[in-house]
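In the numbering used here, the protein residues as written are 350 to 433. Here a beta-carbon is modelled for each residue, glycine too, at the ideal position from N, C-alpha and C. One structure is given here, and the rest of the page talks about it.
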Amino acid sequence: ENHVEDIHIREREAREKFENLDSRLDACGSHYEGLPNEYDNVKRCLTEIQRDGNHIYHDVAPEIYEHQQKLEDYLHHPENNVEY
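Next up, the structure:
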């Protein structure tokens, strides 16, 4: 297993998802401003962003942590003899 590559992939995915959430937040208000049902549409938009943010927090971030732990365990295992 290549834990370093797994960590980089997960971190890149998380960063892209966070950047996507940020741009979606900006769009929520400006996209629906002045349109009929503005409040409901903005609320729905924000609810979707919150759902996706929770996914990052509860699913993506723990995966990154898990891979980092596996890497640490691998690097510190006596048989691997990895020196810093």
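Pair within 7 Å by beta-carbon distance, residue i and residue j
i: residue 413; j: residue 359; result: yes
i: residue 355; j: residue 416; result: yes
i: residue 420; j: residue 398; result: no
i: residue 391; j: residue 363; result: no
As assigned by DSSP and simplified to three states, the class of residue i
i: residue 357; result: helix
i: residue 382; result: coil
i: residue 426; result: coil
i: residue 351; result: coil
i: residue 433; result: Confidence at residue 433 is low in this model, with a pLDDT of 46, below 50, so its placement is unreliable and the value that follows should be read with caution. Reduced to three states, the DSSP call for residue 433 is coil.
Next item on the list: Count the CB pairs spanning the region 379-388 and the region 396-407 that are closer than 8 Å, and state whether there are at least three.
Entry: no
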